[in-house]
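Residue numbers (this note's numbering), protein chains in the order written: chain A, 69 to 283; chain B, 8 to 266. Comments concern the structure below.
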């Protein structure tokens, strides 16, 4: 049965959006933005649907995939916008790590609710300055027919996700508006303190360690 | 009829007075840039936060507990059926606002959906129009019609009981309420429990979602405000992206307009 997407279903849809992507398998040529989304949603669904695989293990594998597929450095700069430059290099480094953990905690919590859905890519669009937005819809499950756009940016030949847009609501935009408010009131220290606190609250759920940086 | 019209007039007058009062303040207060690049202000943020808090308390101590009980008693498929039943009752609103926006195909589709789902769909509890005929539901309301005609959102507002809104949508909700036929056909002691049922049922379908949203948001008020404005703007455009939207790109290149 289909139901209309509502404002209230946005957050789980975002979660699902993050879960249904992953990294493509080894390929001869660098995959296009669309291929990144298509191949990898299949891979994540495969993990979700593996019978007998422990929930923690599913979560760990999907997080590893997410670490390779999302460009957390760029996302961190986008959510802090002009505030990024007010952070010292150390603070910037910590922010990227804390923000990544925050996303993993938020979106790793409910993976047991998903697996009956498919992600159908419906189109793509090249943005004015070279990013590519891959448009898709969820098919099946509680959030059937919800529109999800992935915005990808190419760096060193690889397309990585820099934003997820569910029914017009952007993940980056959502975090940016919240960080903006906190930056205005308390500055970078306040932002980092709040993230640390949030992540400690959610740390009852185990989060996979990000892979060591490659360069 | 007369009762309906006076109600429309009263609500419209009230909303317009509100808009007038806010008009002078509309460019003050925190500035929110939507994903599509529109600027919206929140000049009444302290009051809005107060009402937001009030709504949240009401939710926490009344609506959520009742909805939790509802969720415990009713299986999810039944809840989704009830939800479809209430959405089907909104069909006149969809048709009216499709027509107001010149979307004749949409009006036809909404009419067809209503006829099929009210009969073959057992009073709207099922959605064969979508499942068999691929007639997808399309949500239209007067706030979207106003936006489609070019009315700006105006300042952000939080309404008591109704939650996040803006001046345009406050007018929209008032007109939607006044143009819905059921209150003209049924007495208040029938429509009021129906409204309460719809609210409880909707809330019970989103118990986990709201919990998650609250747990993950750094500032729940700001989270809801941003999501609401983006979501509504997207609805006004039926999910279609504008061809050229340079302002939208600012979000993705924060340094490009730096001094």
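Beta carbons are placed, not taken as given, at the ideal position from N, Cα and C, and that holds for glycine. If you're wondering where the values come from, they're calculated on a predicted model, not measured in any experiment.
**Asked** What are the start and end residues of each continuous beta strand (DSSP E) run of 3 or more residues lying completely inside the region 24-86 of chain B, in chain order?
**Response** Taking only runs of at least 3 residues, the beta strand (DSSP E) segments lying wholly in the region 24-86 of chain B are 38-40 and 46-48.
**Message:** Tell me the residue span of the alpha helix (DSSP H) that contains residue 233 of chain A.
**Reply:** That residue, residue 233 of chain A, is in no alpha helix (DSSP H); its beta strand (DSSP E) goes 226-234.
**Message:** Helix, strand or coil, according to DSSP, for residue 202 of chain A in the structure here?
**Reply:** In the three-state scheme derived from DSSP, where H, G and I count as helix and E and B as strand, residue 202 of chain A is classed as strand.
**Prompt:** Can you tell me whether DSSP reads residue 93 of chain A as helix, strand or coil?
**Reply:** Bear in mind that the predicted position of residue 93 of chain A carries a pLDDT of just 47, short of 50, making it unreliable; the figure below should be weighed with that in mind. Note: residue 93 of chain A maps to coil in three-state DSSP.
**Prompt:** Is there at least one Cβ from chain A nearer than 8 Å to residue 89 of chain B's Cβ?
**Reply:** Chain A, which has no Cβ nearer than 8 Å to the Cβ of residue 89 of chain B, makes this no.
**Prompt:** In the DSSP assignment, what are the bridge partners of residue 194 of chain A?
**Reply:** DSSP lists A/200 as the bridge partner or partners of residue 194 of chain A.
**Request:** Check the Cβ-Cβ distances between residue 174 of chain A and every residue of chain B, and say whether any is below 8 Å.
**Result:** Yes, contact with chain B.
**Item:** Residue of B/150, B/86, B/157 and B/124 minimising C-alpha distance to residue 211 of chain B
**Value:** Comparing C-alpha distances from residue 211 of chain B to each of B/150, B/86, B/157 and B/124 shows the shortest one belongs to B/86.
**Request:** Could you check how far apart the C-beta atoms of residue 193 of chain A and residue 248 of chain B are, in whole angstroms? I think they sit under 8 Å.
**Result:** Contact between residue 193 of chain A and residue 248 of chain B holds: their C-beta atoms lie close to 7 Å from each other, under 8 Å.
**Message:** Would you say residue 245 of chain A lies against chain B (beta-carbon separation less than 8 Å)?
**Reply:** Chain B contact via Cβ: present.
**Request:** Work out the CA separation of residue 114 of chain B and residue 268 of chain A for me, nearest whole Å.
**Result:** Distance between the alpha carbons of residue 268 of chain A and residue 114 of chain B is about 51 Å.
**Request:** Under 7 Å Cβ to Cβ from residue 137 of chain B, same chain only, skipping five residues before and after it: list those, please.
**Result:** So the qualifying residues of the chain are 143 and 144.
**Asked** Going by other Cβ atoms of all chains shown within 10 Å of its Cβ, with 16 needed for buried, is residue 257 of chain A buried or exposed?
**Response** With fewer than 16 Cβ atoms within 10 Å of its Cβ, residue 257 of chain A is classed as exposed.
**Request:** Return yes when at least one heavy atom of the ligand ADP lies under 7 Å from the C-beta of residue 38 of chain B, else no.
**Result:** With respect to the ligand ADP, the structure shown offers nothing to examine, as it has no ligands at all.
**Message:** Nearest by alpha-carbon distance to residue 189 of chain B: which of B/256, B/180 and B/201 is it?
**Reply:** The shortest C-alpha separation from residue 189 of chain B is found at B/201.
**Request:** Anything in chain A within Cβ reach of residue 39 of chain B, meaning under 8 Å, just list it in chain order.
**Result:** Under the 8 Å cutoff, chain A gives 245.
**Item:** Within 8 Å, strictly: CB atoms of residue 111 of chain A and residue 133 of chain A
**Value:** Contact: yes.
**Asked** Would you say the region 214-222 of chain A touches the region 146-153 of chain A, given that touching needs at least three Cβ pairs under 8 Å?
**Response** In short, these stretches do not touch, since the Cβ pair count stays below three.
**Asked** So, using beta-carbon positions, are residue 115 of chain A and residue 225 of chain B closer together than 8 Å?
**Response** The answer is no: Cβ separation not under 8 Å.
**Asked** Quick one, are the C-beta atoms of residue 162 of chain B and residue 69 of chain B less than 8 Å apart?
**Response** Residue 162 of chain B is not a Cβ neighbour of residue 69 of chain B, given a cutoff of 8 Å.
**Alpha-carbon to alpha-carbon, residue 198 of chain B and residue 78 of chain B** = So the two alpha carbons sit approximately 22 Å from each other.
**Prompt:** Name the chain A residues whose beta carbon is nearer than 7 Å to that of residue 230 of chain B?
**Reply:** Chain A residues near residue 230 of chain B: 242 and 246.
**Asked** Is the Cβ of residue 157 of chain A closer than 8 Å to any Cβ of chain B?
**Response** Chain B contact via Cβ: absent.
**Asked** Whose C-beta lies closer than 7 Å to the C-beta of residue 141 of chain A among residues of the same chain, with five residues either side of it excluded?
**Response** Take residue 141 of chain A, set aside five residues on each side of it, and the residues of its chain with a beta-carbon closer than 7 Å to its own are 164, in chain order.
**Request:** Give the residues of chain C in contact with residue 103 of chain A, contact being defined as C-beta atoms less than 8 Å apart.
**Result:** Within the model displayed, chain C is absent; protein chains A and B are what it includes.
**Request:** Pull up the DSSP beta-bridge partners for residue 170 of chain A, would you.
**Result:** Answer is none; residue 170 of chain A lacks a bridge partner.
**Request:** Answer yes or no: do residue 171 of chain B and residue 232 of chain B have a C-beta to C-beta separation smaller than 8 Å?
**Result:** Between residue 171 of chain B and residue 232 of chain B, the C-beta spacing is below 8 Å.
**Item:** Rounded Cβ spacing between residue 230 of chain B and residue 220 of chain B (contact assumed at less than 8 Å)
**Value:** Indeed they touch by this definition, with Cβ atoms about 7 Å apart.
**Asked** Thinking C-alpha only, which one of B/134, B/258, B/37 and B/182 is nearest residue 121 of chain B?
**Response** Out of B/134, B/258, B/37 and B/182, B/134 has the C-alpha closest to the C-alpha of residue 121 of chain B.
**Request:** Would you kindly work out how many angstroms separate the C-alpha atoms of residue 243 of chain A and residue 150 of chain B, rounded to a whole number?
**Result:** If you take the alpha carbons of residue 243 of chain A and residue 150 of chain B, they lie about 26 Å apart.
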